[in-house]
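**Student:**
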Amino acid sequence: AIALGWLSRKGWGRIEKKNRIVRLLKKPGEGADEQLLRLLKSKGTMNVESLADEMKDAVKLLKGRKLIEVHEETQRELELTDEGWELVKKGIRITAEVSQVTPELLVTGKWREVKLRRYNIKASVAPIWPGKKHPYLRFLDELKQKLIALGFKEMTGPIVELSFFNCDGLYMPQDHPAREVHDMYFIKEPEYGDLDRYKEFLENVRETHENGWKTGSKGWRYSFSSLEAARLMLRSQTTAASVRMLISDELEIPGKYFAIARCFRPDVIDKTHLTEFNQVEGIILGEDLGLKDLLGVLKRFAIEVAGADKVKYRPDYFPFTEPSVELVAYKKGYGWMEFGGSGIFRPEVTLPLGIKVPVLAWGLGVDRLFMMKMGIEDIRYLFSYDLDWIRRVEVV
């Protein structure tokens, strides 16, 4: 196709579509571009300024086709002034000029015979790339310190989690579509964990699922499986850590707790989704807490952590919160981005775990918070090995 294009452009021939043949119109001659290539082959390099106009056009053509390279060179001509000629007549002593004093100059004493070159303090120097922490890891540390400064205590949980904490304790029915293999990673070996330590809570959760227990709800009206609750999986949400905290002996009421943890979900990888990601989970327990308090916390997160200019709240649905809210934030020059879900834990979650006060809860995508703050469009960039970006990103 390239050859046919040049055949037509140089007027050597034409393509007859009817018969699908190439007809030669004249015998190809040597054009300026071919002449230039032949000359370069024999000479190696040529001065563009010394070429005829036709050849200069050939240079542009061949450069555009990436067949030749053009390098700029600076040439300077020096001429002695009258004062210079006078010095020459008197005689000039040539003194070697050096940029540094070497051990050899010191040992031989030749340092007395040389002249040190003046330093040009305005000259550009090679950039220095000191070692520093990855910007995303530094962001996670800063986020943790901010939460601790606000009075939050850190809570933890395992990556390989029991379905009881990831799903059942959150009033997620065992036949819920989100619990299928296409939304969670399940462990093949061992397939099940041990729930013996949580028998009391397991029984409360079982009754809540089946008939509502003491919550005032009718439950999900199905036969709860303790074996399914013991199934092992990769944690799909940091809310599992909240359930563990609510049954912990270390829980304080009132209290504020957070977790920054890696979660795993089968997903189609694109610029805003990965199969593993980080979430920041938070819960606040106390009397007289309501939706207004939750919205205030979410707004503060978006503005102070992600640098958002404004936020929106959308009604949402989660089996374990009512009401449920989705946080969406906007930053000038970046646009709108969804950060995650939140809400107030339902009585079907808190009462079976022995909690009798309101619990505000949220789970936000830390990766997306960082993306908005840094103006990053593709989530995959957070985990790349682009040394140029890592080197140049601001430390503070």
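Mapped onto our numbering, the consecutive letters of the sequence shown carry residue numbers 7 to 402.
Where is the CB? At the ideal position from N, CA and C, for every residue including glycine.
1. Does DSSP classify Pro329 as helix, strand or coil?
2. From this set, Pro133, Ser248, Glu89, which residue's C-alpha is nearest Glu160's C-alpha?
3. Please give me, in chain order, every unbroken run of the beta strand (DSSP E) with length at least 3 that falls completely inside the region 156-184.
4. To the nearest angstrom, report how far apart Arg114 and Tyr391 are at their CA atoms.
5. Measure the alpha-carbon distance for Phe270 versus Asp189 and round it to whole angstroms.
6. In chain order, what residues of the same chain have a beta carbon less than 8 Å from the beta carbon of His182, not counting five sequence neighbours either side?
7. Measuring alpha carbon to alpha carbon, tell me which residue in Met178, Glu79, Lys277 is nearest Ile382.
8. Taking Cβ positions, are Ile361 and Leu208 nearer each other than 8 Å?
9. To the nearest angstrom, report how far apart Pro321 and Ser330 are at their CA atoms.
10. What distance in whole Å lies between the Cβ atoms of Phe192 and Gly212, which are believed to be in contact at a cut-off of 8 Å?
11. If you compare alpha carbons, which of Val104, Leu201, Arg227, Asn210 is closest to Arg124?
12. Let me know if Thr245 comes out buried or exposed under the rule of 16 or more other beta-carbons within 10 Å of its beta-carbon.
13. Assuming Ser348 and Leu304 make a contact with CB atoms under 8 Å, what is their CB distance in whole Å?
14. Determine the burial state of Ser254: buried for a count of at least 16 other Cβ atoms within 10 Å of its Cβ, exposed for fewer.
15. DSSP has Gln285 in a bridge; who is on the other side?
16. If you follow the beta strand (DSSP E) that Pro321 is in, where does it begin and where does it stop?
17. Taking Cβ positions, are Lys121 and Thr108 nearer each other than 8 Å?
18. Indicate the three-state DSSP secondary structure (helix, strand or coil) for Ser348 in the structure shown.
19. May I ask you to list the residues that DSSP assigns as paired with Trp342?
20. Please confirm if Thr51 has its CB atom under 8 Å from at least one CB of chain C.
21. Roughly how many angstroms lie between the CA atoms of Leu153 and Ala312, to the nearest whole one?
22. My parser needs the alpha helix (DSSP H) runs of 4 or more residues fully inside the region 36-87; what are they?
23. Grab me the residues of Arg198's own chain with a C-beta within less than 8 Å of its C-beta, minus the 5 sequence neighbours each way, in chain order.
24. Between which two residues does the alpha helix (DSSP H) carrying Leu297 extend?
25. Would Lys224 and Leu357 qualify as a contact pair, given that the criterion is a beta-carbon distance under 8 Å?
26. Tell me where the alpha helix (DSSP H) around Leu240 begins and ends.
27. Under a three-way DSSP split, which group does Gly360 fall into?
28. Return the first residue and the last residue of the alpha helix (DSSP H) that Pro109 is part of.
29. In three-state DSSP terms, what is Tyr198?
30. Rounded to whole angstroms, what's the CA-CA distance from Arg268 to Asn284? Just pull it up for me.
31. Return the CA-CA distance between Lys150 and Gly288, expressed in angstroms with no decimal places.
32. Are there 16 or more other CB atoms within 10 angstroms of the CB of Val131, so buried, or fewer, so exposed?
33. If you follow the alpha helix (DSSP H) that Glu216 is part of, which residue opens it and which one closes it?
34. Count the other CB atoms, across all protein chains shown, that sit within 10 Å of the CB of Gly175; report buried if there are 16 or more and exposed otherwise.
35. In the DSSP assignment, find the alpha helix (DSSP H) that holds Thr245 and state where it starts and stops.
**Tutor:** According to the structure data:
1. Residue mapping note: residue 329 aligns to position 323 of the sequence shown, counting from 1. Residue state, collapsed to three classes: strand.
2. Counting from 1 along the sequence shown, the entry for residue 160 is found at position 154. Looking at the Cα atoms, Ser248 is the closest of the given residues.
3. 166-168
4. Your numbering for residue 114 matches position 108 in the sequence shown. Your numbering for residue 391 matches position 385 in the sequence shown. Inspection of the sequence shows that residue 114 is occupied by Thr rather than by Arg. Whole-angstrom Cα-Cα distance: 50 Å.
5. Counting from one through the sequence shown, the residue named residue 270 turns up at place 264. Counting from one through the sequence shown, the residue named residue 189 turns up at place 183. When rounded, the distance between both Cα atoms is 9 Å.
6. Here residue 182 refers to the residue found at position 176 of the sequence shown. Result list for His182: Cys173, Pro325, in chain order.
7. Taking the sequence shown and counting its residues from 1, the one referred to as residue 382 is at position 376. Taking only the C-alpha atoms, the option nearest Ile382 is Lys277.
8. The sequence position of residue 361 within the sequence shown is 355, counting from 1. The sequence position of residue 208 within the sequence shown is 202, counting from 1. The answer is no: Cβ separation not under 8 Å.
9. On the sequence shown, residue 321 is found 315 positions in, with the first residue counted as 1. On the sequence shown, residue 330 is found 324 positions in, with the first residue counted as 1. Answer to the nearest angstrom: the Cα atoms are 6 Å apart.
10. In the sequence shown, residue 212 corresponds to position 206, counting from 1. In the sequence shown, residue 192 corresponds to position 186, counting from 1. According to the sequence as given, residue 212 is Arg; it is not Gly. That belief does not hold up - the Cβ atoms of Arg212 and Phe192 are roughly 21 Å apart, past 8 Å.
11. Counted from its first residue, the sequence shown places residue 124 at position 118. It is Val104 whose Cα lies nearest to the Cα of Arg124.
12. What you label residue 245 is simply residue 239 of the sequence shown in a count that begins at 1. Its Cβ being crowded by 16 or more others within 10 Å, Thr245 is buried.
13. On the sequence shown, position 342 is the one that residue 348 refers to. On the sequence shown, position 298 is the one that residue 304 refers to. The Cβ separation is near 6 Å, so the contact holds.
14. Reading the sequence shown from its first residue, position 248 is the one you call residue 254. Burial call: exposed.
15. Taking the sequence shown and counting its residues from 1, the one referred to as residue 285 is at position 279. Gln285 is bridged to Ala267, Gly371.
16. In the sequence shown, residue 321 corresponds to position 315, counting from 1. Pro321 -> beta strand (DSSP E) spans 316-324.
17. For this step, residue 121 is matched to residue 115 along the sequence shown. For this step, residue 108 is matched to residue 102 along the sequence shown. No. Outside cutoff.
18. Looking up residue 348 in the sequence shown gives position 342. Here Ser348 sits in strand by DSSP.
19. The residue given as residue 342 occupies position 336 in the sequence shown. Answer is Tyr336, bridged to Trp342.
20. The structure shown contains no chain C; it is built from a single protein chain.
21. Numbered from 1 along the sequence shown, position 147 holds the residue referred to as residue 153. Numbered from 1 along the sequence shown, position 306 holds the residue referred to as residue 312. Their backbone Cα atoms lie some 14 Å apart in a straight line.
22. 38-49, 59-70
23. Start at 1 with the first residue of the sequence shown, and residue 198 comes out as number 192. Looking at the sequence shown, residue 198 is not Arg but Tyr. These residues qualify, in order along the chain: Leu233, Ala236, Arg237, Leu238.
24. Within the sequence shown, the letter at position 291 stands for residue 297. Where Leu297 is concerned, the enclosing alpha helix (DSSP H) stretches over 297-306.
25. By 1-based counting over the sequence shown, the position of residue 224 is 218. By 1-based counting over the sequence shown, the position of residue 357 is 351. The answer is no: Cβ separation not under 8 Å.
26. The residue you call residue 240 lines up with position 234 of the sequence shown. Where Leu240 is concerned, there is no enclosing alpha helix (DSSP H), although the beta strand (DSSP E) it sits in stretches over 238-240.
27. Position 354 of the sequence shown holds residue 360. Coil at Gly360, not helix or strand.
28. As a working mapping, residue 109 is identified with position 103 in the sequence shown. 109-114 is the span of the alpha helix (DSSP H), which, as asked, contains Pro109.
29. As a first step, residue 198 is located in the sequence shown; it is residue number 192 there, counting from the start. Three-state result, Tyr198: strand.
30. Against the sequence shown, residue 268 aligns to sequence position 262. Against the sequence shown, residue 284 aligns to sequence position 278. Computed Cα separation, rounded: 4 Å.
31. Residue numbering aside, residue 150 sits at position 144 when the sequence shown is read from its first letter. Residue numbering aside, residue 288 sits at position 282 when the sequence shown is read from its first letter. Distance between the alpha carbons of Lys150 and Gly288: 11 Å.
32. As a first step, residue 131 is located in the sequence shown; it is residue number 125 there, counting from the start. With fewer than 16 other Cβ atoms within 10 Å, it is exposed.
33. Residue mapping note: residue 216 aligns to position 210 of the sequence shown, counting from 1. Per DSSP, Glu216 belongs to the alpha helix (DSSP H) from 205-217.
34. Counted from its first residue, the sequence shown places residue 175 at position 169. With 16 or more other Cβ atoms within 10 Å, it is buried.
35. Against the sequence shown, residue 245 aligns to sequence position 239. Unbroken alpha helix (DSSP H) run through Thr245: 245-252.
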